[in-house]
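Below: the structure, in structure tokens.
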Amino acid sequence: MTARKTSTATKKTAKKTTKKTATSSGGGGGAKGGIPPVVLLFGTEPAPMSARLQELRAALLVPGMEAFNHERFAGRELEALAPVLDACGQLPMMAERRLVELSDPELVGKGRTSGGKASLDALVDYMASPNPTTVLVLTSSGIDGRSRLVTAAKKAGWVERFEPIKRDGDAVAFVQGEARRTGVEIDGHTAAELVQLVGTGPSDLVHALERASLHAGQGQPVTGRDLEAVVGHTREAVVFELTDAVGMGDGPRALVVLARLFHESSQPEIGQSLAVLSMLIRQVRLVFCARMVGPGSIEAVAGVPPFVARKLAGQARRFDEVRLRRAYAALARLDRDIKGGAHSVTKAPYVALQRFILDVCGALPGVQPR
821 MTARKTSTAT
831 KKTAKKTTKK
841 TATSSGGGGG
851 AKGGIPPVVL
861 LFGTEPAPMS
871 ARLQELRAAL
881 LVPGMEAFNH
891 ERFAGRELEA
901 LAPVLDACGQ
911 LPMMAERRLV
921 ELSDPELVGK
931 GRTSGGKASL
941 DALVDYMASP
951 NPTTVLVLTS
961 SGIDGRSRLV
971 TAAKKAGWVE
981 RFEPIKRDGD
991 AVAFVQGEAR
1001 RTGVEIDGHT
1011 AAELVQLVGT
1021 GPSDLVHALE
1031 RASLHAGQGQ
1041 PVTGRDLEAV
1051 VGHTREAVVF
1061 ELTDAVGMGD
1071 GPRALVVLAR
1081 LFHESSQPEI
1091 GQSLAVLSML
1101 IRQVRLVFCA
1111 RMVGPGSIEA
1121 VAGVPPFVAR
1131 KLAGQARRFD
1141 EVRLRRAYAA
1151 LARLDRDIKG
1161 GAHSVTKAPY
1171 VALQRFILDV
1181 CGALPGVQPR
């Protein structure tokens, strides 16, 4: 019963940050501190998953005894599950429980004749009757939520799924929760600003909050200035700024933003040019979509989060249709020239992008836009 209660509490805590797919439903008897003998963490967001794993390590491992009671295995490197099962069967040394970690359990024995299925069967069998003095933590970014492993883990302990956050409000709550967990001070307005700059991905938000906190200094609250200093020039923010400038026909500002993109990049000029071109094509296509469908349908039609949909709606208002069509046609030509190896473009791709901006913004005196 202890494990069941703790897992339910964890579910409430994780509601705004992760998708909890199960609470403990048996098999967790004798779990010290409410941690059951089997825990499965999976999903596409590594940062909050890693944070949860660190919490489990801190709760389970006795300082100074980690070498005796903590073993880690990578599923992709194992031909069979035997080493993991052996580790799970050992007794703890001067501690109540051992911690065994297995990443990518679905890859154990993969590629060997029936090895993958045999390993999966062995793992499912173990979870049906796990060693009460060992906590087996499984982590994966590629496991199927409908798999036998997930079903077995639900019965033996708890399962937590780490997915992207869809709503801005939930992302702001996640930032505030992460700040409380790590002892960082940030108010609601600044947390919302961070979401606007970075997006709703938990991993991106965790890393951005870390950088902003370091910039603020120990014991100091994170402010908008800290965000501007460390995350204000993220790729997504800069490409929005560049597209905004082009949409308003502000050639000088667009050139400044373009120069910043190249200055901050460590890629060769042609590689950075292709990256910028790809971002611009995607962005102009999304703005075109936003202009055609109207503000209320952007999120569903374009498949973007709410905060991106709002920005796209604003950009669609700034572009007149003539400039938007001109921008798309010019990008198509530039894409063809760069990838087709046109000498004048591949020799100086940065200059070609500058020409694109001046062309679309109508900033070249005496030259008719193509």
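Throughout, my numbering is defined as the position within the sequence shown, counted from one, plus 820. Cβ coordinates follow ideal geometry from the N, Cα and C atoms, glycine included. Everything numeric in this text was worked out from a predicted model, so none of it was measured.
Asked                                                                                                                                                                        : Found
Is it buried or exposed for V1142, if we count other Cβ within 10 angstroms and need 16 for buried?                                                                          : exposed
Would the beta-carbon of V1051 fall within 7 angstroms of that of V1018?                                                                                                     : yes
Does T959 come out as helix, strand or coil in the three-state DSSP assignment?                                                                                              : strand
Give me the Cβ distance between I771 and V1058, rounded to the nearest whole Å; I'm assuming they're in contact under 8 angstroms.                                           : Lying before the first or after the last residue shown, residue 771 is absent from the chain, which here runs from 821 to 1190.
What does DSSP give as the partner residues of H890 in its beta bridges?                                                                                                     : L919
Among the candidates R1153, S961, F1139, whose CA atom is the shortest distance from the CA of G863?                                                                         : S961
Any idea if D1024 is buried or exposed, counting beta-carbon neighbours within 10 angstroms, 16 or more meaning buried?                                                      : buried
Measuring CB to CB, does S939 end up less than 7 angstroms from L969?                                                                                                        : no
I'd like to check one pair, G895 with L927: are the Cβ atoms closer than 7 angstroms?                                                                                        : yes
Apart from the five residues just before and just after P1169, which ones in its own chain have a Cβ nearer than 7 angstroms to its Cβ?                                      : E1089, I1090, S1093, I1158
Cα separation between I1101 and H1035?                                                                                                                                       : 34 angstroms
For the beta strand (DSSP E) containing G997, list its first residue and its last residue.                                                                                   : From DSSP, G997 is part of no beta strand (DSSP E) but of the alpha helix (DSSP H) over 988-1002.
Determine whether the beta carbon atoms of A879 and V1026 lie at a separation below 7 angstroms.                                                                             : no
In angstroms, rounded to a whole number, what distance separates the CA positions of R1105 and I1177?                                                                        : 16 angstroms
Distance check for A1129 and C1181, CA to CA, integer angstroms please.                                                                                                      : 24 angstroms
A1133 and A1110 - do their beta-carbons sit closer together than 7 angstroms?                                                                                                : yes
Please report the Cβ distance between P912 and T953, rounded to the nearest whole angstrom; I am assuming they are in contact, meaning their Cβ atoms lie under 8 angstroms. : 6 angstroms
Pull the bridge partners of E1061 from the DSSP assignment, please.                                                                                                          : DSSP, once it has assigned bridges, lists no residue as partnering E1061.
State the Cα-Cα distance for the pair E1119 and F1108, rounded to the nearest angstrom.                                                                                      : 13 angstroms
In angstroms with no decimal places, state the Cα-to-Cα distance between G965 and R1138.                                                                                     : 43 angstroms
Just mark E921 as buried or exposed, buried being the case when its beta carbon has 16 or more other beta carbons within 10 Å.                                               : buried
Of the residues P857, L873, S1098, G1021, which one's Cα is nearest the Cα of E865?                                                                                          : G1021
Name the two residues that bound the continuous beta strand (DSSP E) containing E980.                                                                                        : 978-982
Looking at the structure shown, is I855 part of a helix, part of a strand, or coil, going by DSSP?                                                                           : coil
What did DSSP end up calling L969 once you bin it into helix, strand or coil?                                                                                                : helix
Whose C-alpha, out of A948, A1152, V979, is nearest the C-alpha of L1097?                                                                                                    : A1152
Applying the criterion that 16 or more other CB atoms from any shown protein chain within 10 Å of the CB defines a buried residue, is P856 buried or exposed?                : buried
In terms of residue numbering, what span does the alpha helix (DSSP H) encompassing E775 cover?                                                                              : The chain is shown from 821 up to 1190; residue 775 falls before or after that span and cannot be answered.
Among R892, M869, M1112, which one has its Cα closest to the Cα of E983?                                                                                                     : M869
Taking 7 angstroms as the threshold (C-beta atoms), are E1013 and L1062 in contact?                                                                                          : no
With H, G and I counted as helix, E and B as strand and the rest as coil, what does DSSP make of I1158?                                                                      : helix
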